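Here the numbering used here is used: position 49 in the sequence shown is 66, and no number is missing along the way.
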Amino acid sequence: MSRPVIGWYVHHHGSGHLGRLRAIAPHLDADLFCFSSLPAPDDLPAHCRWVPLDRDDQGETPAPTADGLLHWAPLGHPGHRRRLTTIADAVERHGISAMVVDVSVEVTLFARLLGIPPVLIAQPGRRDDLPHTLGLRAATRVLAPWPADLVPAAHLDAVREKVVHVGGISRFEGRAVPTTERSGVLMLGGRGGTTVTGEQIESAVAATPDRRWTLLGTPAASVTWSADPWSALTAADTVVSWAGQNAIADLAVAQARAVVVPQPRPFDEQHATAAALAAAGLAVVADDWPEPAAWPELLDRAAALRPDWSRWRTDGAAARAAEVIDQVARGGAGC
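Shown next, in the form of structure tokens:
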């Protein structure tokens, strides 16, 4: 078979969905058409073409859930209509043979209705609602980017034969971890949103004057943003992080000792991940942002951890995901 053409839908919320594309794409010998309402990134591999999609969550959005059948398909919305038309046109013009969906029930269903096998990237949490069930059943394969033995995911049980647990996917996989002594605290935020205020973070810093804090991607006044925080991540004695899938995979690759504070997300995704980390002894978990007086003891507990991050199965995870996608694109999996 000639080199396959693969579509890839990248959800616009946060930076984790785009991060997974960046991690997996180099392992694919295929032409990729990447659909998203995110701005086109500067550092995509040469075999990836960015296809911008209209937003469908602005202005009037009547009846978006179709009486609970879907998550988001507003009636009469021109942006929604144009984004689906763009996908269908690309499928027809470029001969797309598989669609990776990270994440959208509606795009999963749309690809299947176009006769294109969808590879759905799953998320943890409580996802037993009708739209998730529909999307999982419509998918040809389901990639779970976490270890099966650590993170419960009851919503995947009914489609177990389709699910491949590839382990945590990190853009930093393969980088050398420095052996120099680590020091200080790194507060590592993200673009997915948080209920934690800058004042709360500054209060934690003030409550631990014996520790040097570095703040990246948070709402604190002294914050900076780093497109590549690897050096800071591997230099810190302890890391404070949210519980997104990519963030945890990055902690695992960096062999970090961490305090994890899950943020509110639909379907309790981050809380489910954080609970798994606590149960496995991989991180210290605080379900809510702690009061200032609690921080010295929390950081001491995290610094004393000796987490076995190999259990998160980051080594080879991106390549394992690419292998599944390639198999589907070459017609090796049907459902």
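From the three backbone atoms N, C-alpha and C, an ideal C-beta is built for every residue, glycine too.
Please read all numbers here as calculations on a predicted model, not as lab measurements.
Which partner residues does residue i have in the DSSP bridge list?
{"i": "S258", "result": "L205, V277"}
{"i": "I138", "result": "L160"}
{"i": "I23", "result": "L49, A115"}
{"i": "L3", "result": "In this structure the chain extends from 18 to 352, so residue 3 is not present and cannot be described."}
{"i": "W230", "result": "V202"}
{"i": "T241", "result": "L233"}
{"i": "H182", "result": "A161"}
{"i": "V301", "result": "V276"}
Does DSSP classify residue i as helix, strand or coil?
{"i": "A293", "result": "helix"}
{"i": "A115", "result": "strand"}
{"i": "D59", "result": "coil"}
{"i": "L101", "result": "helix"}
{"i": "V124", "result": "helix"}
{"i": "H288", "result": "helix"}
{"i": "P69", "result": "strand"}
{"i": "V213", "result": "coil"}
{"i": "V222", "result": "helix"}
{"i": "A335", "result": "helix"}
{"i": "S248", "result": "helix"}
{"i": "S327", "result": "helix"}
I think residue i touches residue j, with their Cβ atoms under 8 Å apart; what is that distance to the nearest whole Å?
{"i": "H88", "j": "P148", "result": "5 Å"}
{"i": "Y26", "j": "V108", "result": "That pair is no contact at about 12 Å."}
{"i": "L155", "j": "P135", "result": "In the sequence as presented, Leu is not what sits at residue 155; that position holds Ala. 7 Å between Cβ atoms; contact."}
{"i": "L278", "j": "V202", "result": "Here residue 278 turns out to be Val, not Leu, going by the sequence shown. That pair is no contact at about 13 Å."}
{"i": "P324", "j": "R274", "result": "7 Å"}
{"i": "I23", "j": "I342", "result": "7 Å"}
Cβ atoms of residue j and residue i: under 8 Å apart, would you say?
{"i": "I138", "j": "V120", "result": "yes"}
{"i": "R20", "j": "D48", "result": "yes"}
{"i": "L322", "j": "V302", "result": "no"}
{"i": "D267", "j": "A320", "result": "no"}
{"i": "L153", "j": "V159", "result": "yes"}
{"i": "G36", "j": "G209", "result": "no"}
{"i": "V176", "j": "A161", "result": "no"}
{"i": "W312", "j": "A249", "result": "no"}
{"i": "H44", "j": "A335", "result": "yes"}
{"i": "H29", "j": "L55", "result": "yes"}
{"i": "M204", "j": "T225", "result": "no"}
{"i": "T290", "j": "A260", "result": "yes"}
{"i": "F52", "j": "I104", "result": "yes"}
Leaving out five residues before and five after residue i in sequence, what residues of the same chain have Cβ atoms less than 6 Å from its Cβ?
{"i": "R39", "result": "R188"}
{"i": "W326", "result": "A269, Q272"}
{"i": "R66", "result": "F50"}
{"i": "A338", "result": "I41, L160, V183"}
{"i": "F284", "result": "G142, R143, R144"}
{"i": "N263", "result": "G33, G36"}
{"i": "M116", "result": "G24, A128, I133, P135"}
What does a CB cutoff of less than 7 Å around residue i pick up in its chain, not counting 5 residues either side in sequence?
{"i": "P78", "result": "Sequence inspection shows Thr at residue 78; the Pro mentioned does not correspond to that position. Counting only Cβ-Cβ distances below 7 Å, and skipping sequence neighbours, we find P91, H94."}
{"i": "R228", "result": "G201, V202, L316"}
{"i": "L101", "result": "F127"}
Take residue i and list the residues in its own chain whose beta-carbon comes closer than 8 Å to its own, dropping the five residues that flank it on each side.
{"i": "W242", "result": "L233, G234"}
{"i": "W329", "result": "W163, P164, L167, G184, G185, I265, A266, A269, L299"}
{"i": "W247", "result": "F189, R192, A271"}
{"i": "H64", "result": "A42, L45, A47, D48, L49"}
{"i": "L173", "result": "A139, L153, V159, A161, V180"}
Can you determine whether any heavy atom of the ligand ADP sits closer than 7 Å to the C-beta of residue i, and answer yes or no?
{"i": "P58", "result": "You won't find the ligand ADP in this model; it holds no ligand whatsoever."}
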